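Asks:
There are 2 protein chains.
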Amino acid sequence: MTAELLTPAELKQTLLAVGHEQYHHKHPFHLRMHDGQLTREQLQAWALNRYYYQSRIPIKDAIILSRSTDAAFRRAWLKRILDHDGSPEHPGGIEKWLRLAEATGLDRSDVISERKVLPAVRYAVDAYVGLVSRGTLLEAVASSLTELFSRDLISLRIHALRQHYPWIDSGLSYFTSRLSQAPEDASFALDYVTRNAFTREQQESVIMALRHKCDILWAQLDAIYFAYVTPGWPPPAESKGCL
Amino acid sequence: MTAELLTPAELKQTLLAVGHEQYHHKHPFHLRMHDGQLTREQLQAWALNRYYYQSRIPIKDAIILSRSTDAAFRRAWLKRILDHDGSPEHPGGIEKWLRLAEATGLDRSDVISERKVLPAVRYAVDAYVGLVSRGTLLEAVASSLTELFSRDLISLRIHALRQHYPWIDSGLSYFTSRLSQAPEDASFALDYVTRNAFTREQQESVIMALRHKCDILWAQLDAIYFAYVTPGWPPPAESKGCL
Numbered sequence: 017m018t019a020e021l022l023t024p025a026e027l028k029q030t031l032l033a034v035g036h037e038q039y040h041h042k043h044p045f046h047l048r049m050h051d052g053q054l055t056r057e058q059l060q061a062w063a064l065n066r067y068y069y070q071s072r073i074p075i076k077d078a079i080i081l082s083r084s085t086d087a088a089f090r091r092a093w094l095k096r097i098l099d100h101d102g103s104p105e106h107p108g109g110i111e112k113w114l115r116l117a118e119a120t121g122l123d124r125s126d127v128i129s130e131r132k133v134l135p136a137v138r139y140a141v142d143a144y145v146g147l148v149s150r151g152t153l154l155e156a157v158a159s160s161l162t163e164l165f166s167r168d169l170i171s172l173r174i175h176a177l178r179q180h181y182p183w184i185d186s187g188l189s190y191f192t193s194r195l196s197q198a199p200e201d202a203s204f205a206l207d208y209v210t211r212n213a214f215t216r217e218q219q220e221s222v223i224m225a226l227r228h229k230c231d232i233l234w235a236q237l238d239a240i241y242f243a244y245v246t247p248g249w250p251p252p253a254e255s256k257g258c259l
Numbered sequence: 017m018t019a020e021l022l023t024p025a026e027l028k029q030t031l032l033a034v035g036h037e038q039y040h041h042k043h044p045f046h047l048r049m050h051d052g053q054l055t056r057e058q059l060q061a062w063a064l065n066r067y068y069y070q071s072r073i074p075i076k077d078a079i080i081l082s083r084s085t086d087a088a089f090r091r092a093w094l095k096r097i098l099d100h101d102g103s104p105e106h107p108g109g110i111e112k113w114l115r116l117a118e119a120t121g122l123d124r125s126d127v128i129s130e131r132k133v134l135p136a137v138r139y140a141v142d143a144y145v146g147l148v149s150r151g152t153l154l155e156a157v158a159s160s161l162t163e164l165f166s167r168d169l170i171s172l173r174i175h176a177l178r179q180h181y182p183w184i185d186s187g188l189s190y191f192t193s194r195l196s197q198a199p200e201d202a203s204f205a206l207d208y209v210t211r212n213a214f215t216r217e218q219q220e221s222v223i224m225a226l227r228h229k230c231d232i233l234w235a236q237l238d239a240i241y242f243a244y245v246t247p248g249w250p251p252p253a254e255s256k257g258c259l
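Just so you know, the protein sequences line up as chains A and B, in that order. Going by our numbering, the first sequence opens with residue 17, and the numbers climb by one from there. Going by our numbering, the second sequence opens with residue 17, and the numbers climb by one from there.
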């Protein structure tokens, strides 16, 4: 017997439950960050590694855009690339992330070089690019739905960073911009998956894509925690693994 | 000025130095294994997760085979697929690995399902398949050169497993087979990269491919250590992350 189609409200409820269970807001690295327990070096490691994720966002969005034959969809999705890549007059998310990295004391060119990115962070991010390349368009869009949960996390983070790491204050524009961008993006993507998952099987693929994306975010923090918090073991090739 | 071509002996020396620095024989998870400090559950986690790597080996070898127009090369490389996939009469590496997993107390179908593989192990292994798909054929072959180092590690491991975990003894045929297979394979691959890296740039690409492969092996153990040793945090979706 085929399972019944979820109503839009049930689908949304299920997606929110995935976020509650698996989104990286509960990761011990973030809990330490928000409790003021990270050292400057650990925040640097986070900013440097997470830059690799940021740098791949417009690439994955361009792949998604390239996979749709619907001009209206493409126009809507293009906003995400503009938000991240920006322009000389209007710095985008990537430039803002670099300013965050500089506020932690990192050298901009060192971050851009990506030489010190942990291998496991690279694999997780590349898996995200793979997911949007090889999954269905529906799954690719659904994988962006972690943005449903990011406003709450970012609100908390801005507050916590200002309180515990005041020296980082000049680098927070990435997060303040995302406070309005992420909910707009999430709303569009949620509407899209609701309208385009016509079967229960497709709905399940949407839910699973969101689970995979949560894994991808979580695994990045696991790697950073392992290398720079506990046990504190970066990979053996110092030139690549250490800050 | 272009750097000079390394002699075959210099290239080999450099590759051996990469292994000395980066191969996973020094990973704390293996050190604990060989010291008899792992629990049965931790050995199960290792067998289950490493199965995902084993299961992808014939796939990556088929990709490498598919990329060569040289029938002699293809015939030589085919041996690896046979070694891993075996036949009903002659169990191959994958079947032998399943017997190892069973010897630790795992259920065979549970291992085959791949449901409990850690996301970060999946990403690392998929990165290996990606490397042989998208790198040059020279890099793809070079990435197999970790087999230069595996005989020493496997010899040590067989001894240590028998000594510290005698209940695993019935599952060791994977390792005893690899004692002879790995050096044959490594010798062919080393000869291939020596004869086919015509420029210093190509030689450097060979060295870098071996470094990447070492990262891929190391990152798998990091993930297993993180989830099941210290701090012992599997991902939040219990159904997928926990044993």
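Built from N, CA and C at the ideal position, the CB exists for glycine as well. Here the structure is a predicted model, which means the values were calculated and not measured.
Kindly say whether Arg-227(A), judged by its beta-carbon, lies nearer than 8 Å to any beta-carbon of chain B.
Replies: Walking along the first sequence from the start, residue 227(A) turns up at place 211. So yes, Arg-227(A) belongs to the interface.
Asks: Ignoring anything shorter than 4 residues, give me the alpha helix (DSSP H) runs that lie fully in the region 37-64 of chain A, in order along the chain.
Replies: Runs found: 44-50.
Asks: Among Leu-161(B), Trp-183(B) and Gln-197(B), which has the Cα closest to the Cα of Ser-171(B)?
Replies: Within the second sequence, residue 171(B) is the residue found at index 155, counting from 1. Checking every option, the nearest Cα to that of Ser-171(B) belongs to Gln-197(B).
Asks: Mind listing which residues of the region 136-160 of chain B have their C-beta closer than 8 Å to chain A's C-betas, in chain order?
Replies: Flagged, chain order: Ala-136, Arg-138, Tyr-139, Ala-140, Asp-142, Ala-143 and Gly-146.
Asks: Please name the residue in Gln-219(B), Leu-195(B) and Ser-82(B) whose C-alpha comes closest to that of His-175(B).
Replies: Indexing the second sequence from 1 puts residue 175(B) at position 159. Among Gln-219(B), Leu-195(B) and Ser-82(B), the Cα nearest to that of His-175(B) is on Leu-195(B).
Asks: In whole angstroms, give me the CA-to-CA distance for Pro-199(B) and Leu-164(B).
Replies: Locating residue 199(B) in the second sequence gives position 183, counting from the first residue. Locating residue 164(B) in the second sequence gives position 148, counting from the first residue. Cα-Cα distance, rounded: 6 Å.
Asks: Determine the direct distance from the alpha carbon of Arg-167(B) to that of Ile-223(B), and round the result to whole angstroms.
Replies: Along the second sequence, one-based indexing puts residue 223(B) at 207. Along the second sequence, one-based indexing puts residue 167(B) at 151. The alpha-carbon atoms of Ile-223(B) and Arg-167(B) are separated by roughly 20 Å.
Asks: So is Trp-113(A) in contact with chain B if we call contact Cβ pairs under 8 Å?
Replies: Here the question's residue 113(A) lines up with position 97 in the first sequence. Output row for Trp-113(A): interface = no.
Asks: Go ahead and pull the three-state DSSP assignment for Gly-151(B).
Replies: What you label residue 151(B) is simply residue 135 of the second sequence in a count that begins at 1. Coil, per DSSP.
Asks: Which class does Gly-121(B) belong to by DSSP, given the choice of helix, strand or coil?
Replies: Residue numbering aside, residue 121(B) sits at position 105 when the second sequence is read from its first letter. Correct three-state label for Gly-121(B): coil.
Asks: Rounded to whole angstroms, what's the CA-CA distance from Thr-55(B) to Ser-189(A)? Just pull it up for me.
Replies: In the second sequence, residue 55(B) corresponds to position 39, counting from 1. In the first sequence, residue 189(A) corresponds to position 173, counting from 1. C-alpha separation (whole angstroms): 47 Å.
Asks: Who are the near neighbours of Leu-233(A) in its chain, counting only those whose CB is closer than 6 Å to its CB and skipping five residues on each side?
Replies: The count along the first sequence starts at 1 and reaches residue 233(A) at position 217. The residues are His-40.
Asks: Assuming contact is defined by CB atoms lying nearer than 8 Å, are Gln-60(B) and Leu-122(B) in contact in what I supplied?
Replies: Taking the first residue of the second sequence as 1, we reach residue 60(B) at position 44. Taking the first residue of the second sequence as 1, we reach residue 122(B) at position 106. For Gln-60(B) and Leu-122(B), yes; Cβs fall inside 8 Å.
Asks: If we define contact as Cβ-Cβ less than 8 Å, is Thr-246(B) a contact residue for chain A?
Replies: As a position in the second sequence, residue 246(B) is number 230, starting the count at 1. Closer than 8 Å: yes.
Asks: As an exercise, report each continuous alpha helix (DSSP H) stretch of at least 4 residues that is fully enclosed by the region 177-212 of chain B, in chain order.
Replies: Taking only runs of at least 4 residues, the alpha helix (DSSP H) segments lying wholly in the region 177-212 of chain B are 189-212.
Asks: At 9 Å on the CB atoms, spell out the chain A contacts of Ala-239(B), in chain order.
Replies: For the purposes of this step, residue 239(B) is taken as residue 223 along the second sequence, with counting starting at 1. Going along chain A in sequence order, the residues near Ala-239(B) (Cβ under 9 Å) are Ala-136, Ala-235, Asp-238, Ala-239 and Phe-242.
Asks: Report the option in Arg-96(A), Lys-28(A) and Ala-33(A) whose CA atom is closest to the CA atom of Arg-211(A).
Replies: Taking the first residue of the first sequence as position 1, residue 211(A) is located at position 195. Checked all of Arg-96(A), Lys-28(A) and Ala-33(A); the closest Cα to Arg-211(A) is Lys-28(A).
Asks: Determine the burial state of Ser-103(B): buried for a count of at least 16 other Cβ atoms within 10 Å of its Cβ, exposed for fewer.
Replies: What you label residue 103(B) is simply residue 87 of the second sequence in a count that begins at 1. Exposed: under 16 other Cβ atoms inside 10 Å.
Asks: For the alpha helix (DSSP H) containing Phe-89(B), name the first residue and the last one.
Replies: Position 73 of the second sequence, counting from 1, holds the residue named residue 89(B). 87-101 is the span of the alpha helix (DSSP H), which, as asked, contains Phe-89(B).
Asks: Kindly give me the distance between the Cβ atoms of Pro-251(B) and Asp-231(A), rounded to whole angstroms, as I take these residues to be in contact under 8 Å.
Replies: To locate residue 251(B), count along the second sequence from 1; it is residue 235. To locate residue 231(A), count along the first sequence from 1; it is residue 215. Yes, Pro-251(B) and Asp-231(A) are in contact; Cβ-Cβ is about 6 Å, under 8 Å.
Asks: What does Glu-272(A) touch in chain B if you count any residue whose Cβ is under 7 Å from its own?
Replies: The structure shown does not extend to residue 272(A), since chain A is modelled only from 17 through 259, so no value can be given for it.
Asks: With Ala-136(B) and Ala-239(B) assumed to form a contact (beta carbons below 8 Å), what rounded beta-carbon distance in angstroms separates them?
Replies: Residue mapping note: residue 136(B) aligns to position 120 of the second sequence, counting from 1. Residue mapping note: residue 239(B) aligns to position 223 of the second sequence, counting from 1. That pair is a contact at about 4 Å.
Asks: Restricting to Cα atoms, I'd like to know which of Pro-74(A), Ile-110(A) and Ser-221(A) is closest to Trp-93(A).
Replies: Within the first sequence, residue 93(A) is the residue found at index 77, counting from 1. Considering only alpha carbons, the answer is Pro-74(A).
Asks: For Ser-71(B), count neighbouring C-beta atoms within 10 Å of its own C-beta (all shown protein chains included) and say buried if the count is 16 or more, exposed if not.
Replies: As a working note, residue 71(B) is residue 55 in the second sequence. With 16 or more other Cβ atoms within 10 Å, it is buried.
Asks: Kindly list, in the order they appear in chain A, the residues whose Cβ is closer than 7 Å to that of Asp-168(B).
Replies: For the purposes of this step, residue 168(B) is identified with residue 152 of the second sequence, where counting begins at 1. Near Asp-168(B) there are no residues of chain A at all, since even the closest Cβ is about 17 Å away, more than 7 Å.
Asks: Answer yes or no: does any C-beta atom of chain A fall closer than 8 Å to that of Asp-51(B)?
Replies: Within the second sequence, the letter at position 35 stands for residue 51(B). Chain A contact via Cβ: absent.
Asks: Thinking C-beta only, is Tyr-244(B) closer than 8 Å to Glu-138(B)?
Replies: Reading the second sequence from its first residue, position 122 is the one you call residue 138(B). Reading the second sequence from its first residue, position 228 is the one you call residue 244(B). A small fix is needed here, since residue 138(B) is Arg in this sequence, not Glu. Cβ distance not < 8 Å, so Arg-138(B) and Tyr-244(B) don't count as in contact.
Asks: From Asp-142(A) to Gly-109(B), what does the alpha carbon distance come to, in whole angstroms?
Replies: Here residue 142(A) refers to the residue found at position 126 of the first sequence. Here residue 109(B) refers to the residue found at position 93 of the second sequence. If you take the alpha carbons of Asp-142(A) and Gly-109(B), they lie about 28 Å apart.
Asks: Answer with yes or no whether the minimum CB distance from Cys-258(B) to chain A is below 8 Å.
Replies: For the purposes of this step, residue 258(B) is taken as residue 242 along the second sequence, with counting starting at 1. Only weak support exists for where Cys-258(B) lies, its pLDDT of 40 falling under 50; the coordinates are left without a value.
Asks: How about Arg-96(A) and Asp-77(A): are their beta carbons less than 8 Å apart?
Replies: For the purposes of this step, residue 96(A) is identified with residue 80 of the first sequence, where counting begins at 1. For the purposes of this step, residue 77(A) is identified with residue 61 of the first sequence, where counting begins at 1. Cβ distance < 8 Å, so Arg-96(A) and Asp-77(A) count as in contact.
Asks: Identify whether Pro-74(A) lies in helix, strand or coil by the three-state DSSP scheme.
Replies: In the first sequence, the residue the question calls residue 74(A) occupies position 58. In this structure, Pro-74(A) counts as helix in the three-state DSSP scheme.
Asks: Whose C-beta lies closer than 8 Å to the C-beta of Trp-113(A) among residues of the same chain, with five residues either side of it excluded?
Replies: Mapped onto the first sequence, residue 113(A) falls at position 97. Excluding residues within five positions, the ones whose Cβ falls inside 8 Å are Ala-63, Arg-66, Tyr-67, Gln-70 and Tyr-190.
Asks: Going by DSSP in three states, Pro-251(B) sits in which element: helix, strand or coil?
Replies: Taking the first residue of the second sequence as 1, we reach residue 251(B) at position 235. Residue state, collapsed to three classes: coil.
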